[in-house]
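Visitor: Have a look at this one before I ask anything.
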Amino acid sequence: MKKKHELTTSVSLPLAATIVWRSHRKEIMRFAERYLRIKMRKPVRREVTRSYNRLDCEFIIVTTRFAPAEYDTLHFVAASLRLSVSSLIYGIIQLWKKPTRRTIERFFETNCSYFVSKWDPEAGFLEEFLTFYRAGTYPPQLTS
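Heads up, the sequence shown is in numbering that gives the first Met the number 0, so the first residue is 0 and it goes up one at a time.
As structure tokens, this is what we get:
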């Protein structure tokens, strides 16, 4: 049964990653912030097409559920770097599979928010914010 406040979507993953994802999704998602922080060391990409998972293997479409904050965070980074959410999920799985990474308990949380100053047929002005903070601490307040 679908839980309240979950968003259902699908991702495309290599067959081997699909098996891991279906078995360990919640544990893997604990590594999302770590992986996203690594990805955000790269500059924002514009004037390029989106990158997708491109491996020489069989891919499976997997229906999955995300909390709204997880969904928004993944889409924020994916849009900014012109990547597919599927490729982010695959990268998180690859990070989770490294035993040395799993022994480190430096887990972060995110606060994803936005501010709309104008959104109508004339123009759209939207600011999005993604803040990382150590798990268990209160998220920092952003001032504009």
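Glycine included, every Cβ here is placed at the ideal spot set by N, Cα and C.
In this text the structure is predicted, and so the values were computed from the model without any measurement.
Any contact between the segment 109 to 126 and the segment 45 to 56? By contact I mean 3 or more CB pairs, one from each, below 8 Å.
Guide: Cβ pair count under 8 Å is below three, so no.
Visitor: DSSP three-state label for aspartate 119, please.
Guide: Numbered from 1 along the sequence shown, position 120 holds the residue referred to as residue 119. Three-state DSSP puts aspartate 119 in a strand.
Visitor: Going by the CB atoms, is the gap between alanine 16 and tyrosine 113 shorter than 8 Å?
Guide: Along the sequence shown, one-based indexing puts residue 113 at 114. Along the sequence shown, one-based indexing puts residue 16 at 17. Against a cut-off of 8 Å, the Cβ pair of alanine 16 and tyrosine 113 comes out as no contact.
Visitor: Using the three-state DSSP reduction, which class does threonine 99 fall into: helix, strand or coil?
Guide: Your numbering for residue 99 matches position 100 in the sequence shown. Residue state, collapsed to three classes: helix.
Visitor: Give me the Cβ distance between methionine 39 and valine 76, rounded to the nearest whole Å; I'm assuming they're in contact under 8 Å.
Guide: For this step, residue 39 is matched to residue 40 along the sequence shown. For this step, residue 76 is matched to residue 77 along the sequence shown. About 7 Å; that satisfies the 8 Å criterion.
Visitor: Under 8 Å between the Cβ atoms of phenylalanine 128 and arginine 36?
Guide: Taking the sequence shown and counting its residues from 1, one reaches residue 128 at position 129. Taking the sequence shown and counting its residues from 1, one reaches residue 36 at position 37. It is not a contact, given that the beta carbons lie outside the stated cut-off.
Visitor: Can you find the residues in the same chain that come closer than 6 Å, C-beta to C-beta, to valine 43, ignoring five residues on each side of it along the sequence?
Guide: The sequence position of residue 43 within the sequence shown is 44, counting from 1. Excluding positions up to five away in sequence, the list reads Ser79.
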